[in-house]
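*Asks:* UniProt numbering applies: residue 1 is where the sequence shown begins, and numbers increase by one.
Where a beta carbon is used, it is the ideal one built from N, C-alpha and C, also for glycine.
Quick caveat: nothing in here was measured; it's all calculated off a predicted structure.
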Amino acid sequence: MAQPASPTPSTSNAPPPSAAAAPVGRWPAIMVSGAGILMTLDVTIVNVALPDIADDLGARLGGLQWVVSAYTLAFAALLLAAGSVSDRIGRRRVFGVGVALFTVASAACAFAPNVGTLITFRGIQGVGAAMVMATSLALLASAYSGRARQTAIGVYSGLSGAAAALGPLVGGGLVDGLGWRWIFLINLPVGVLVVVGTWLRLPDDTTDTAGRGRLDLAGVLLAIAGLFALNYGVIKGPEEGWTSTIVPATLIVGTILIVAFVVVEVVRPSIALLDVRLFRIPSFTGAILASLFGRITSFGLLPFLILWLQGMLGNSPFQTGVKMLVLTGPLLLIAPLSGLVQRVLTPGQAIGAGFAVAGVGSLTMARVDAGSSWTVMLPGFVLLGIAGGLSFPPLMGVAVGVVPAERAGMASGATNMFFPLGTSIGVAAGGALLTARIGNDLGDDVLTDGGVPPGAVDQVRDGVVSGRFAPLKDHPAAMADARDAFTSGLAQVCLLMAVIGFVAAILCTALIRESDRHEVPRPAAG
Numbered sequence: 001m002a003q004p005a006s007p008t009p010s011t012s013n014a015p016p017p018s019a020a021a022a023p024v025g026r027w028p029a030i031m032v033s034g035a036g037i038l039m040t041l042d043v044t045i046v047n048v049a050l051p052d053i054a055d056d057l058g059a060r061l062g063g064l065q066w067v068v069s070a071y072t073l074a075f076a077a078l079l080l081a082a083g084s085v086s087d088r089i090g091r092r093r094v095f096g097v098g099v100a101l102f103t104v105a106s107a108a109c110a111f112a113p114n115v116g117t118l119i120t121f122r123g124i125q126g127v128g129a130a131m132v133m134a135t136s137l138a139l140l141a142s143a144y145s146g147r148a149r150q151t152a153i154g155v156y157s158g159l160s161g162a163a164a165a166l167g168p169l170v171g172g173g174l175v176d177g178l179g180w181r182w183i184f185l186i187n188l189p190v191g192v193l194v195v196v197g198t199w200l201r202l203p204d205d206t207t208d209t210a211g212r213g214r215l216d217l218a219g220v221l222l223a224i225a226g227l228f229a230l231n232y233g234v235i236k237g238p239e240e241g242w243t244s245t246i247v248p249a250t251l252i253v254g255t256i257l258i259v260a261f262v263v264v265e266v267v268r269p270s271i272a273l274l275d276v277r278l279f280r281i282p283s284f285t286g287a288i289l290a291s292l293f294g295r296i297t298s299f300g301l302l303p304f305l306i307l308w309l310q311g312m313l314g315n316s317p318f319q320t321g322v323k324m325l326v327l328t329g330p331l332l333l334i335a336p337l338s339g340l341v342q343r344v345l346t347p348g349q350a351i352g353a354g355f356a357v358a359g360v361g362s363l364t365m366a367r368v369d370a371g372s373s374w375t376v377m378l379p380g381f382v383l384l385g386i387a388g389g390l391s392f393p394p395l396m397g398v399a400v401g402v403v404p405a406e407r408a409g410m411a412s413g414a415t416n417m418f419f420p421l422g423t424s425i426g427v428a429a430g431g432a433l434l435t436a437r438i439g440n441d442l443g444d445d446v447l448t449d450g451g452v453p454p455g456a457v458d459q460v461r462d463g464v465v466s467g468r469f470a471p472l473k474d475h476p477a478a479m480a481d482a483r484d485a486f487t488s489g490l491a492q493v494c495l496l497m498a499v500i501g502f503v504a505a506i507l508c509t510a511l512i513r514e515s516d517r518h519e520v521p522r523p524a525a526g
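Structure (structure tokens):
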């Protein structure tokens, strides 16, 4: 299902409300909103550039998956830790360093000579983004009070939502007009202005946050290593073979590390990044599953739809961005009506209904075949947008409303952590399925019978997996087989997302209960 590209800022380090918050003008809202737009754009803007990155850097599908996943994995693994660190050394400091790190990494991405360098600095971008998103809401909460606070947070959320909707369009225009490297260069002037504005205009909060407890360093390291190993194994599986030594080894190691992370969090709850006892609350578990499955079924599917639109159908990046508005538009139209929806449905029912609609949308897209035009995806795009509009608005309210008040910040941070983790899992699983299907349907004999020289078979097949069909233009029989194989794989990916959507609908409806709620939050004014 479609969801806002940027997660809700973590409240894990938000200060308590204070009526005495000093008036500071518009600068904190401007700085935080500017950074939020950067982080949101960077999630969606990269997807439309993937085919051009593949062509320019010779990247295989596994490399393209890492271009997406390096950012989201770093973000997910470090979000809670960044909030915890900011409690100790100051939120302004962590926010400013995060924007600076993100900006420098963007410049490095723009000049990356190969896909390995690009992946490395995408990961560093994710580190910076985690530092920014972990502190954004806390900075607004400390800078404003009362209605001004609600207005500032509303402006931030609205601008981030608009950036999410326009990201593919902006990215498509940049790639078409200036080249893919400009999707990173565009971050530089805004990033520099936000960094300078942060140090000059945001109040220093270092003395208010110094000396707060120990950091759960073991938890941070175990989470990073475990998530990386699991993602590496899933992405490498189709390339190296699932029975090769490295793939099962990394999957086993990753599982052990995640289990160790859980054990560490249980043993040391006083400094834990994530209090795993919260999962005893059914509604909290439902909210976490909703954030995870929501991203799997939306951002996990998006890169493969873009490879199909651009690689097979020949759409330019800008044309692809225009078509993506059919998906993001309904999300922005439906989300503001969530208050009306929740007069009829409980939050659990609304979230469950959203996943059911997403399942139907993905199921309609599974009809795609080699002769399909983009309109075969049109109903699915609209339904995915509607699904996100139904399910996302009540999600954060559930996550923070069913836990004790002193754990609300941790609950918000944990929910935000599972958004990018869902993206990584979806991209990895979808890529594994697509690669396996193309490898099965487009064997060496099929390509050589279609006129492809034996020495070029592997290169051609890797190109097809990445949505590159140009090398087959002089081999019509092989081209037809390649198109059949790609769309067959894409249909299977859509079918997988449909199944996940329906399962999520059942689980979320069953788990998210009004009886778990500590209090019913009042709608924000402004």
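Does the beta-carbon distance from Leu50 to Ile351 come in below 9 Å?
*Replies:* Mapped onto the sequence shown, residue 50 falls at position 50. Mapped onto the sequence shown, residue 351 falls at position 351. Cβ atoms of Leu50 and Ile351: not closer than 9 Å.
*Asks:* Taking 6 Å as the limit between beta carbons, can you name the residues of its chain near Arg437, skipping five residues before and five after?
*Replies:* Along the sequence shown, one-based indexing puts residue 437 at 437. Hits under 6 Å: Ser488, Gly489, Gln492.
*Asks:* Go through its chain and collect everything with a Cβ distance to Val155's Cβ below 7 Å, but skip five positions before and after it.
*Replies:* Within the sequence shown, numbered from 1, the residue matching residue 155 stands at position 155. Correct list, in chain order: Ala29, Ser33.
*Asks:* Please state the DSSP three-state secondary structure of Leu327.
*Replies:* On the sequence shown, position 327 is the one that residue 327 refers to. Helix, per DSSP.
*Asks:* Rounded to whole angstroms, what's the CA-CA distance from Leu137 to Leu79? Just pull it up for me.
*Replies:* Here residue 137 refers to the residue found at position 137 of the sequence shown. Here residue 79 refers to the residue found at position 79 of the sequence shown. Computed Cα separation, rounded: 13 Å.
*Asks:* For Asp458, count neighbouring C-beta atoms within 10 Å of its own C-beta (all shown protein chains included) and say buried if the count is 16 or more, exposed if not.
*Replies:* Counted from its first residue, the sequence shown places residue 458 at position 458. Burial call: exposed.
*Asks:* Does the contact criterion of 3 or more C-beta pairs under 8 Å hold for the region 282-289 versus the region 450-466?
*Replies:* Because the criterion of three Cβ pairs below 8 Å is not met, the region 282-289 and the region 450-466 do not touch.
*Asks:* Do the region 123-131 and the region 88-99 touch if we need at least three Cβ pairs shorter than 8 Å?
*Replies:* With the cut-off at 8 Å, the region 123-131 and the region 88-99 touch.
*Asks:* Out of Val48, Val446, Leu332, Ser372, state which residue places its alpha-carbon closest to the alpha-carbon of Pro393.
*Replies:* As a working note, residue 393 is residue 393 in the sequence shown. Ranking the options by Cα distance to Pro393, first place goes to Leu332.
*Asks:* Look at the Cβ atom of Ala366, then the Cβ atom of Leu166, and state whether they are nearer than 9 Å.
*Replies:* In the sequence shown, the residue the question calls residue 366 occupies position 366. In the sequence shown, the residue the question calls residue 166 occupies position 166. No, they are not a contact pair.
*Asks:* Starting from the N-terminal side, write out each stretch of the alpha helix (DSSP H) that is 4 residues or longer and does not extend beyond the region 462-516.
*Replies:* List check, alpha helix (DSSP H) in window: 476-511.
*Asks:* Pick helix, strand or coil for Ser145, following the three-state DSSP scheme.
*Replies:* Sequence index remark: in the sequence shown, residue 145 carries index 145 (1-based). In the structure shown, Ser145 sits in coil (DSSP, three-state: anything other than H, G, I, E or B).
*Asks:* According to DSSP, simplified to helix, strand and coil, what is Phe111?
*Replies:* Sequence index remark: in the sequence shown, residue 111 carries index 111 (1-based). Phe111: coil per DSSP, three-state reduction.
*Asks:* Taking 9 Å as the cut-off, decide whether the C-beta atoms of residue 561 and Ile235 are in contact.
*Replies:* Absent from the model: residue 561. The displayed extent of the chain is 1 to 526, so no value can be given.
*Asks:* For Lys323, count neighbouring C-beta atoms within 10 Å of its own C-beta (all shown protein chains included) and say buried if the count is 16 or more, exposed if not.
*Replies:* Against the sequence shown, residue 323 aligns to sequence position 323. By the 10 Å Cβ count, Lys323 comes out buried.
*Asks:* With distances taken Cα to Cα, identify the nearest neighbour of Phe419 among Tyr232, Ala107, Ala290.
*Replies:* Residue numbering aside, residue 419 sits at position 419 when the sequence shown is read from its first letter. It is Ala290.
*Asks:* Quick one: residues in its chain with C-beta nearer than 6 Å to the C-beta of Val46, no 5 flanking neighbours on either side, listed in chain order?
*Replies:* On the sequence shown, position 46 is the one that residue 46 refers to. Cβ neighbours of Val46 beyond the five flanking positions: none.
*Asks:* Starting from Gly191 and walking both ways along the alpha helix (DSSP H), at which residues does that stretch end?
*Replies:* Locating residue 191 in the sequence shown gives position 191, counting from the first residue. Counting along the chain, the alpha helix (DSSP H) containing Gly191 begins and ends at 187-201.
*Asks:* Tell me which same chain residues have a C-beta within less than 8 Å of the C-beta of Asp176, skipping the five on either side of it?
*Replies:* The residue labelled residue 176 in the question sits at position 176 within the sequence shown. So the qualifying residues of the chain are Ser316, Pro317, Phe318.
*Asks:* Let's see if you can read the secondary structure: which residues bound the alpha helix (DSSP H) around Gly352?
*Replies:* In the sequence shown, residue 352 corresponds to position 352, counting from 1. Note, Gly352: alpha helix (DSSP H), 347-365.
*Asks:* Give the DSSP-derived three-state secondary structure of Asp458 in the structure shown.
*Replies:* As a working mapping, residue 458 is identified with position 458 in the sequence shown. Reduced to three states, the DSSP call for Asp458 is helix.
*Asks:* Hey, how far is the Cα of Phe102 from the Cα of Ala223?
*Replies:* Against the sequence shown, residue 102 aligns to sequence position 102. Against the sequence shown, residue 223 aligns to sequence position 223. Spanning the two alpha carbons is a distance of roughly 21 Å.
*Asks:* Pull up the distance between the alpha-carbon of Ile186 and that of Thr243, whole angstroms please.
*Replies:* As a first step, residue 186 must be located in the sequence shown, where it is residue number 186. As a first step, residue 243 must be located in the sequence shown, where it is residue number 243. Their backbone Cα atoms lie some 43 Å apart in a straight line.
*Asks:* Use the C-beta contact count for Asn231: other C-beta atoms within 10 angstroms, 16 or more gives buried, fewer gives exposed.
*Replies:* Within the sequence shown, the letter at position 231 stands for residue 231. It is buried - the Cβ of Asn231 has at least 16 other Cβ atoms within 10 Å.
*Asks:* Buried or exposed: Gly116, going by 16 or more other Cβ atoms within 10 Å of its Cβ?
*Replies:* For the purposes of this step, residue 116 is identified with residue 116 of the sequence shown, where counting begins at 1. Exposed is the call here.
*Asks:* With distance defined between alpha-carbon atoms, name the residue in Ala100, Gly329, Leu292 nearest to Leu169.
*Replies:* Taking the sequence shown and counting its residues from 1, one reaches residue 169 at position 169. Comparing Cα-Cα distances from Leu169 to each of Ala100, Gly329, Leu292, the minimum goes to Gly329.
*Asks:* Which same chain residues, not among the five before or five after Ser391, have their C-beta less than 7 Å away from its C-beta?
*Replies:* Position 391 of the sequence shown, counted from the first residue, corresponds to residue 391. Closer than 7 Å at the Cβ level, and outside the excluded window around Ser391, lie Met1, Ala290, Gly294, Ala350, Ile351, Gly354, Phe355.
*Asks:* Return the CA-CA distance between Thr120 and Trp308, expressed in angstroms with no decimal places.
*Replies:* Along the sequence shown, one-based indexing puts residue 120 at 120. Along the sequence shown, one-based indexing puts residue 308 at 308. When rounded, the distance between both Cα atoms is 26 Å.
*Asks:* Distance, Cα to Cα, Gln125 vs Ser515?
*Replies:* Reading the sequence shown from its first residue, position 125 is the one you call residue 125. Reading the sequence shown from its first residue, position 515 is the one you call residue 515. Cα-Cα distance, rounded: 40 Å.
*Asks:* What distance in whole Å lies between the Cβ atoms of Ile37 and Leu159, which are believed to be in contact at a cut-off of 8 Å?
*Replies:* For this step, residue 159 is matched to residue 159 along the sequence shown. For this step, residue 37 is matched to residue 37 along the sequence shown. That pair is a contact at about 6 Å.
*Asks:* CB-CB under 7 Å to Leu302, same chain, minus the five flanking residues each way: which ones, in chain order?
*Replies:* Taking the sequence shown and counting its residues from 1, one reaches residue 302 at position 302. Correct list, in chain order: Asn47.
*Asks:* If you drop the 5 nearest sequence neighbours on each side, which residues of the same chain put their C-beta closer than 7 Å to that of Pro15?
*Replies:* Here residue 15 refers to the residue found at position 15 of the sequence shown. Legend: pLDDT at Pro15 = 49, less than 50; position of this residue unreliable, no value from coordinates given.
*Asks:* Mind checking Ser270: buried by the 16 CB within 10 Å criterion, or exposed?
*Replies:* The count along the sequence shown starts at 1 and reaches residue 270 at position 270. So Ser270 counts as exposed.
*Asks:* Specify the secondary structure class of residue 533 as computed by DSSP and reduced to three states.
*Replies:* Since the first residue shown for the chain is 1 and the last is 526, residue 533 is missing from the structure and cannot be characterised.
*Asks:* So, with DSSP's three-state summary, where would you put Ala134?
*Replies:* For the purposes of this step, residue 134 is taken as residue 134 along the sequence shown, with counting starting at 1. Ala134: helix per DSSP, three-state reduction.
*Asks:* Roughly how many whole angstroms lie between the Cα atoms of Ala510 and Thr415?
*Replies:* Translated into positions along the sequence shown, residue 510 becomes position 510. Translated into positions along the sequence shown, residue 415 becomes position 415. For Ala510 and Thr415, the distance between alpha carbons rounds to 18 Å.
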